[in-house]
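Residue numbers (the numbering used here): 340 to 539.
Just below is one structure, and these are the notes that go with it.
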Amino acid sequence: MTSKPQRKNNPEAVRARLLECAARLIVDHGLPALTLENVAREAAVSKGGLLHHYAGKNALIDGLFDEVVEWFDSQVEDCLEPDETRPARFSRAYLRVIAAIDMTVPEEKSLAVLMLMLSSDPHYCTRWNQWVEARLLRHEKTDLTPMARTLRLAADGLWLSDLGGGPDSSPSARREILAFLEGLDAAGAVPASDPHEGGQ
340 MTSKPQRKNN
350 PEAVRARLLE
360 CAARLIVDHG
370 LPALTLENVA
380 REAAVSKGGL
390 LHHYAGKNAL
400 IDGLFDEVVE
410 WFDSQVEDCL
420 EPDETRPARF
430 SRAYLRVIAA
440 IDMTVPEEKS
450 LAVLMLMLSS
460 DPHYCTRWNQ
470 WVEARLLRHE
480 KTDLTPMART
490 LRLAADGLWL
500 SDLGGGPDSS
510 PSARREILAF
520 LEGLDAAGAV
530 PASDPHEGGQ
C-alpha cells in the first residue's frame with residue numbers, strides 16, 4: 340500500500356506570507372482594512388491558521404513593525420562608513436538609506452509607507468524612537484551634533500515628501516538634495532557656493 344506524500348509545513352513561509360499580505364492591505368487600503376479576516380483571505384489561510392502564528396491583530400502589526408525595523412536597521416548598517424570617527428556617521432547612513440528608497444519598487448514602497456503609518460500610532464512611534472535612541476547611544480561620539488540632527492530631520496522630510504509625491508521627490512531632486520546635505524562639513528556650515536553664481 341502506497342501512502343500519500345506528506346505535505347511539509349513551512350511556518351516561516353506562512354508567517355512571511357501573512358506579513359506580506361497585511362502590509363499590502365495597509366498600503367493599498369489603509370490601516371482600517373487590516374482585519375484578521377482580510378489578511379487570512381489574502382494569504383489563502385484560515386483565520387484559525389493565522390491565529391496559530393499571530394494571536395491577534397496587535398500581534399500581527401507587531402510582527403510587521405519588527406520586520407520593517409529589522410530591514411531598515413540592516414540597510415543602515417550596510418551604509419555606515421568604515422571610519423568610526425566620521426562626523427555624523429550614523430546620520431549620514433540614515434539619510435542615504437532613505438534617499439535610496441525607490442517608491443516604484445513595491446517592496447520598498449510597502450516598507451516606507453508602512454513605517455510612517457505605524458509610526459503614527461504612539462506605541463509604535465515610541466518603539467521607533469527607542470531604535471533611534473539606541474543607535475545614537477552607539478554613535479554618541481559622532482552623531483549628537485546639530486549637523487547630525489539636521490541630516491536626520493532632512494531625511495525624514497525627504498521620506499514624507501516621497502510618500503506624498505511632492506515636487507521634491509523626483510530622482511534628480513533627490514540626488515541634488517543628497518549631494519548638498521552630504522557636502523555639509525563637520526561644523527555644519529553650508530557648502531561654499533560658486534562665487535560666479537549671483538551674490539555680491
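Glycine included, each C-beta is placed from N, C-alpha and C at the ideal position.
Being a predicted model, the structure only gives us computed values, none of them experimental.
In or out: P445 buried (at least 16 other Cβ within 10 Å) or exposed? Working through the sequence shown from its first residue, we reach residue 445 at position 106. Exposed is the call here.
Whole-Å CB distance - L364 paired with A355, under 8 Å assumed: Indexing the sequence shown from 1 puts residue 364 at position 25. Indexing the sequence shown from 1 puts residue 355 at position 16. Not quite, the Cβ-Cβ distance comes to about 15 Å (not below 8 Å), so this is no contact.
Only counting the same chain, and skipping five residues up and downstream in sequence, which positions put a Cβ closer than 8 Å to that of V378? For the purposes of this step, residue 378 is taken as residue 39 along the sequence shown, with counting starting at 1. Around V378: L357, C360, A361, L364, L389, L399.
Span separating the alpha-carbon of A494 from that of K480: Sequence index remark: in the sequence shown, residue 494 carries index 155 (1-based). Sequence index remark: in the sequence shown, residue 480 carries index 141 (1-based). Approximately 21 Å between the Cα atoms of the pair.
Would you kindly report the start and end of the unbroken alpha helix (DSSP H) that includes G361? Taking the first residue of the sequence shown as position 1, residue 361 is located at position 22. Inspection of the sequence shows that residue 361 is occupied by Ala rather than by Gly. Its alpha helix (DSSP H) spans residues 350-368.
Looking at the secondary structure, which residues open and close the alpha helix (DSSP H) in which P510 lies? In the sequence shown, counting from the first residue as 1, residue 510 sits at position 171. Note, P510: alpha helix (DSSP H), 510-521.
Please give me, in chain order, every unbroken run of the alpha helix (DSSP H) with length at least 4 that falls completely inside the stretch 397-468. 428-439, 445-458
Within the chosen definition, does the stretch 482-491 reach the stretch 427-436 through at least 3 CB pairs nearer than 8 Å? yes
I'd like the span of the alpha helix (DSSP H) that includes L375, first residue to last. What you label residue 375 is simply residue 36 of the sequence shown in a count that begins at 1. First-last of the alpha helix (DSSP H) with L375: 375-382.
Using only the alpha-carbon positions, how far apart do L453 and V407 sit? Along the sequence shown, read from residue 1 onward, the residue named residue 453 stands at position 114. Along the sequence shown, read from residue 1 onward, the residue named residue 407 stands at position 68. Their backbone Cα atoms lie some 8 Å apart in a straight line.
Tell me whether H535 sits in a helix, a strand or coil according to DSSP, three-state version. Position 196 of the sequence shown holds residue 535. Interpretation of H535 is limited by its pLDDT of 47, a score under 50 that renders its predicted location unreliable; no figure is taken from the coordinates.
Can you tell which of L476, E376, P426, A439 has the C-alpha that lies nearest to the C-alpha of F411? As a position in the sequence shown, residue 411 is number 72, starting the count at 1. Nearest C-alpha to F411: A439.
Candidates N468, L502, D417, D405, of which the one nearest V436 by Cα: Taking the sequence shown and counting its residues from 1, the one referred to as residue 436 is at position 97. The candidate whose alpha carbon is nearest that of V436 is D417.
Just reading off the alpha helix (DSSP H) that K480 is part of, what are its end residues? Working through the sequence shown from its first residue, we reach residue 480 at position 141. Element bounds for K480: n/a, residue is neither H nor E.
Going by beta carbon distance, what residues of the same chain come within less than 7 Å of S508, once the five residues before and after it are set aside? In the sequence shown, counting from the first residue as 1, residue 508 sits at position 169. Excluding sequence neighbours, S508 sits near S500, D501.
In terms of residue numbering, what span does the alpha helix (DSSP H) encompassing G387 cover? The residue you call residue 387 lines up with position 48 of the sequence shown. First-last of the alpha helix (DSSP H) with G387: 386-392.
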